[in-house]
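Written out below as structure tokens is the structure these notes cover.
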Amino acid sequence: MKKSIFLGTLAVAGLAAGLASAQTMADVQARGTLKCGSNEGLAGFAAPDANGNMQGFDVSLCRAIAVAVLGDAQAVEFVPLTSQTRFTALAAGEVDVLVRNSTWTFSRDTDLKLDFVGVNYYDGQGFMVRKDLGVSSARELDGATVCIQTGTTTELNLADFFRVNGISYEPVPVATNAEGQQQYLAGACDVYTTDVSGLAATRATFENAGDHVILPEIVSKEPLGPVVRHGDNAWGDIVRWTLNAMIAAEEYGVTSANVAEMAAAPTMNPEINRLLGTEGELGAMIGLSKDWAVQVISAVGNYGEVFEAHIGENTPVGLARGLNAQWTNGGLLYSPPFR
Amino acid sequence: MAEVTLPPREGFRLSQLLYDARYRSLTIQVVAAMMLMLSLAWLVDNTVQNLAALGKDFSFAFLWSTAGYDINQQIIPFTSQDTHARAALVGILNTLLVAFMGCILATVIGVLAGVLRLSKNFVVSGIMTFYVEAMRNTPLLIWILIVFAVMTEATPQPRDFREGGGASMILWDSVAISNRGVFVPKPLWGEGSGVVIAVFLLSLAAIFVLRRFARKRQEQTGQQLPVFRLSLALFFVPALLAFFVMGRPITLELPELGGFNFVGGIQVRNSLIALWLALSLYTSAFIAEIVRSGILAVSRGQTEAAFALGIQPNRTMQLVILPQALRVIIPPLISQFLNLTKNSSLALAVGYMDVRSTLGGITINQTGREIEGILLLGTFYLIVSLVISSLMNLYNSSVKLKER
Amino acid sequence: MTNQSSVAFVRRDIIPPAPPPPGQAGVLKWMRENLFSSVTNTLLTILSIYFIWSILAAIMPWTLNGVWVAGSLTECREIRDARGLESAACWAVINERWLQLLFGFYPTDDRLLSSLFYAEPLAAAGGLEAVFGAGSNATARIEFVNAMKADLSNLTIFFFGYWRPLLAVALLVVAVAPILYASLPRRLLLFSLAYPFIGVFLFWGGSFWGPMTVALGLVAALYLGRVVAGGYGLLGGGLAAVLAFILFFLNPLGVVGHTGLFPLFPHVKGVLDSVMPLGLPAIPSDQFGGFMLAIIIGTAGIVLSLPIGILLALGRQSTMPFIRWVCVTFIEVIRGVPLIVWLFVASTLLKYFLPPGSSFDALLRVIILVTLFASAYIAEVVRGGLAALPKGQYEAADSLGLDYWKSMQLIVLPQALKISIPGIVNTFIGLFKDTTLVVFVGLRDPLGLTNAIRATGEWNGIYWELYIFVALLFFTFCFFMSRYSMYLERKLQTDRR
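Chains as they are written, first to last, in the numbering used here: chain G, 866 to 1204; chain C, 22 to 425; chain W, 64 to 560.
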């Protein structure tokens, strides 16, 4: 049935052979949509609503990049990727950018030939247990059964943590977060471990969320961020600075509500002016329009707004800013200057 | 046939390669071989180029680096500090384990269901028809998920086995069925248990010899020995005697609740049970159909002929129908075993660490060696299926109708 | 009548048969013979009935008490508690998301929906062009569509929003019917041949001339081949057809680095597009999903694998050792490795084997690998059909002096394929069930969608209802297919006797 498409693609492939790799930007513009590798489903970060529109924290970053490059927050195709297929899909060029709770590690950045261009969420691996187990520290978990998602960094961290502390455990690998939750709730494992954000998102949906606690130990650093292919630095810059623009906008108090007003005329703060394009030509340096940041912020919002809308304390996920507060508030978010 | 006029010998002409049936097949084969070589070279060349563009190489060195992850279900000892190669081996053994167990259970259920489906009892055959149709027409993956969900929901948690939890162990507190798996006693081999085992093995050999002897005797003299009772006695008595003489060297370690979970005994994990059950139930539906059609394929005249000779009904089944039905049943049965083995690669859905989940899953994901990993994985499955199908061919040639 | 007087009484009519004694007729007899004929049988019957009863007792209250209208799992639980029930299914998730499970994120035809059922708000928003036209605000459009869908019933959206996939599936049934039922007029087979192009156009949209030009190219290549074969023999015809095909679809000058002239395909399509623009909105493959995806992958896999499978089967029986060896190796390698490994090849490795820069989307790669996979199985089915044919048929064809291809085409294959149809249908059922495995490579099949649905805040933690719905979908489809194949087997059996 698909014969014609197959042949058509062969024909196109014949035409397009010899395409250089370092032109993601041109590809995206020619295609008119951004292909964003996303989670198949993780509450608060990426999930479809009843009409099939993707919503979430990671999804918003994709939309922001689409606004910056194409001027349209809806011009994104979300390609669902499993934790096992995500990096190969990116390396193979099936997606332009991967925003899928991926941890920045040395080997991924180097050996897998990928580039992590920033951090949009500082996370760490934690443990969730039932309150009535009476456990107050992860070091008391000797002999526990632990549910864990395979294909992630968490299983390496878990093995390291228990080995270093000299205590034993029994891993129960699960394929998806939904399954881990089902197993944990049924009592097939004592502990569910994944990134703390994921734990909070999962716990938020429990019938009796109060019966479960997240233990204080954070056993790993999990800086999650957008990933692009190694070697296309111009594209990497666009993704990096779109993220930074959202972070900087929050720092300088630029929101989706006031951005139009602030961009109308130069303000007193030259940093804001450069960000919003009322001063200098920063946009042109990365091949974007002068007011790209204005468009991004008005369409998607600044980092804080996105956080509050999808995973903040007023949402079911209910995450505190913690490490993800601005550096001025004691967090780790620190955008390099727009200069 | 006295005179055969040979056509005048002509020299070989190039056009014969195309128009002469004697040479044309050679031409076609050479052209096909060249095209095959060219396309293979094209694929390899593309791969080399693509790998170079990504800055990757083709090497199996990753197999000897530290795996870093733990595997719960292990037949040979494995820790996170072992190599990826050993993790792959653990996975291979797990695949073979579940496939082996699955083949046995699937055959048992399948034969039962197939025979019962032929039953005249409307209720029984109706249930079996429903069972077979439901299994055969729904994807295996859904069955695996459903069986796993049932296992997780329907069995008690270990904490329920505490005082007032509402669950209790069965078989004199030796077996616990929980949603983390079934805990069974583990034999501890004390000093002198080797003797007991040796005696037991010897008595097994004795049973075998006895059966051959009894058969020969019956063929020669027509007298029957009480083979069953003698075998039963041989099976139990010497081993039990040795057990008590050696001072009861083999003891059982019972599973007990301790800490978070049961401690001691052998844990048969839920993932293994769920995968095993789902694979067996699914495959047994196909086996049931094979058995049913195999029995139906033996013509009714055979039964009638056997009855006419005065052979009793169950001897008829044993001596006349089954040997003929088996000839029809066994080949597709073995290909079902093959399917079951390949289907065990769905283990990931329940988190069972088979070779697809270790080598083809976590290892590939941690090391980024897709080509090498999938190549190894494919080779493993290929070898298994070639071994099974060569067994089938051996069987086929051994039961082939000896036509004269 | 001689001794009439000596006999006191002669009955002149036959006594009507007496009713059988009670217990020897009707339901009672049937029950005694079938259900209670022996102690074992009685025991079996009682056990079976108890078994059925206990299962129904466990499942039915949960199923029948199900909550059908609720916005989230929490609401479901509240309704259940308010009704004082112990357990109740939350069918509301199916009620809300069944369209998604059927079609994935395949876009609805919002222009049609809004102009038919949402005319007033559409006019208020400025008409079709203002909302959906080029340059309209995407965010506003999404909001408009969301508001509209909230207003319309799911059934309306099903019939009018998804008319393209529905029409494509309906036409698929029409196209398959003449193959499956021999009594239908043979002329319908022409439609079956055209269907792949129509189906592709309906599912993927884009320019109408895309699939049409491809069809045109294929027909032209075949026609040219036939014409040349008339003058220069089979070999010349074959070469001409291949050459025409290459010129039309590939770029033979690419070897020397020249692009632009060949392939002819885009040129022809461009001309047709400019003369008469005609088409539907294009829909990229990554928006395909749900049960529709299973149908597309299954059907495409079988249809495309048929020719390959037949060639492989013929190759396996060939007298040429090299050809036979290649076919056997291919078939055994494909069949020896599980589909899931092939799907991983599709999702991760295929890219490496193709020239740098060529791109296929994920669905297409999966279809390619599924086709190769299915062709090995089809080859074995067809081989069975070839083997089942009496040897006399081959010999008759040879004695008529037909060459290999003619004898295959006219004598052997028509009979062998007819015998193989049940096997092909069974292969299709197997393949169709196996399409659920694409969830492991990230395609949104029904099982993948259950994961996505469970990731939303409202439906987190629900699974039985979703699994049951998906299982029933597959069961219904496969059950009727398997009934059909059984019917066909019976029919073929009587044919041969």
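All C-beta atoms in this analysis are idealised placements derived from N, C-alpha and C, irrespective of residue type, glycine included. Note that the structure is predicted; figures quoted are calculated from it, not measured.
Under 9 Å between beta-carbons, which chain D residues line up against residue i? List them in chain order, please.
| i | result |
| --- | --- |
| Gly268(C) | In the displayed structure, chain D is absent; the protein chains listed are G, C and W. |
Closest to residue i by C-alpha separation, out of the options, would be which residue?
| i | options | result |
| --- | --- | --- |
| Tyr526(W) | Gly1169(G), Gln1047(G) and Gly1052(G) | Gln1047(G) |
| Ile484(W) | Leu265(W), Tyr244(W), Leu465(W) and Gly524(W) | Tyr244(W) |
| Pro344(C) | Thr324(C), Ala329(C) and Thr362(C) | Thr324(C) |
| Gly917(G) | Gln472(W), Gln350(W), Gly520(W) and Val366(W) | Gln350(W) |
| Val1119(G) | Gly1152(G), Gly1075(G) and Ala1164(G) | Ala1164(G) |
| Val389(W) | Leu374(W), Ile474(W) and Arg74(W) | Leu374(W) |
Residues of chain G with CB under 8 Å from residue i, in chain order?
| i | result |
| --- | --- |
| Gln178(C) | Ala1051, Gly1052 and Ala1053 |
| Thr173(C) | Gln1047, Gln1048, Ala1051 and Ala1053 |
| Glu15(C) | Residue 15(C) lies beyond the stretch modelled for chain C, which goes from 22 to 425, so this question has no answer here. |
| Ile205(W) | Asn918 and Gln939 |
Chain W partners of residue i, CB-CB under 7 Å?
| i | result |
| --- | --- |
| Gln70(C) | Pro419 |
| Ala957(G) | Lys414 |
| Thr1070(G) | Gly520, Asn523 and Gly524 |
Between residue i and chain C, is any beta-carbon pair separated by less than 8 Å?
| i | result |
| --- | --- |
| Ser886(G) | Summary for Ser886(G): the model assigns pLDDT 46, below 50, so the residue's position carries little reliability, and this model does not support an answer. |
| Ala437(W) | no |
| Leu1064(G) | no |
| Leu107(W) | yes |
| Glu905(G) | no |
| Ala534(W) | yes |
Indicate whether at least one CB of chain G lies closer than 8 Å to the CB of residue i.
| i | result |
| --- | --- |
| Thr498(W) | no |
| Asn364(C) | no |
| Tyr530(W) | no |
| Met544(W) | no |
| Ser282(C) | Checking the sequence shown, residue 282(C) turns out to be Asn, not Ser. Yes, because at least one Cβ of chain G sits closer than 8 Å to the Cβ of Asn282(C). |
Applying a beta-carbon distance threshold of less than 7 Å, which residues of chain C neighbour residue i?
| i | result |
| --- | --- |
| Ser111(W) | Val144, Val145 and Ile148 |
| Val90(W) | Going along chain C, no residue has its Cβ under 7 Å from Val90(W), so there is no contact; the nearest lies around 12 Å. |
| Asn97(W) | Lys141, Asn142 and Phe143 |
Verify the CB distance criterion: does residue i have a CB-CB separation below 8 Å to chain W?
| i | result |
| --- | --- |
| Gly917(G) | yes |
| Leu114(C) | no |
| Ile355(C) | no |
| Thr128(C) | no |
| Ile383(C) | no |
| Ile406(C) | Sequence inspection shows Ser at residue 406(C); the Ile mentioned does not correspond to that position. So, interface residue. |
| Tyr402(C) | yes |
| Thr304(C) | no |
In chain C, what lies closer than 9 Å to residue i by C-beta?
| i | result |
| --- | --- |
| Lys900(G) | Neighbours of Lys900(G) on chain C: none; closest Cβ ~19 Å, over 9 Å. |
| Val1037(G) | Asn93, Arg201, Arg290, Asn291, Ser292 and Gly372 |
| Asn104(W) | Ser140, Lys141, Asn142 and Val145 |
Cutting at 7 Å between CB atoms, please list the residues of its own chain near residue i, excluding the five before and the five after it.
| i | result |
| --- | --- |
| Ile351(C) | Tyr416 |
| Leu512(W) | Gln163, Leu164, Gly167, Gly352 and Gly353 |
| Ser305(C) | Ala127, Ile130, Gly131 and Ala134 |
| Ala188(W) | Val194 and Phe207 |
| Leu166(C) | Ala370 |
Anything in chain C within Cβ reach of residue i, meaning under 8 Å, just list it in chain order.
| i | result |
| --- | --- |
| Asp1097(G) | The premise fails here: Asp1097(G) is roughly 12 Å from chain C at the closest Cβ pair, so nothing lies under 8 Å. |
Leaving out five residues before and five after residue i in sequence, what residues of the same chain have Cβ atoms less than 8 Å from its Cβ?
| i | result |
| --- | --- |
| Met993(G) | Tyr1049, Val1056, Tyr1057, Thr1058, Leu1064, Thr1067, Arg1068, His1077, Val1078, Ile1079 and Leu1080 |
Just to confirm my understanding: we take residue i, look at its own chain, exclude 5 residues before and 5 after, and list those with CB closer than 6 Å. What are they?
| i | result |
| --- | --- |
| Leu884(G) | Low confidence applies here, because Leu884(G) scores a pLDDT of 38, under 50, leaving its location unreliable; read the following figure in that light. So the list is empty, once near-sequence residues are dropped. |
| Glu1082(G) | Ala1003 |
| Ser366(C) | Arg377 |
Residues of chain W with CB under 8 Å from residue i, in chain order?
| i | result |
| --- | --- |
| Leu946(G) | Gly505 |
| Ala1174(G) | Those within 8 Å of Ala1174(G) in chain W number zero; the least Cβ separation is about 13 Å. |
- Query: Any contact of the stretch 368-378 of chain W with the stretch 280-293 of chain W, i.e. 3+ C-beta pairs under 8 Å?
  - Reply: The count of Cβ pairs closer than 8 Å, one atom from the stretch 368-378 of chain W and one from the stretch 280-293 of chain W, stays below three, leaving the stretches out of contact.
- So does the stretch 107-121 of chain C actually touch the stretch 373-384 of chain C, counting three or more Cβ pairs closer than 8 Å? yes
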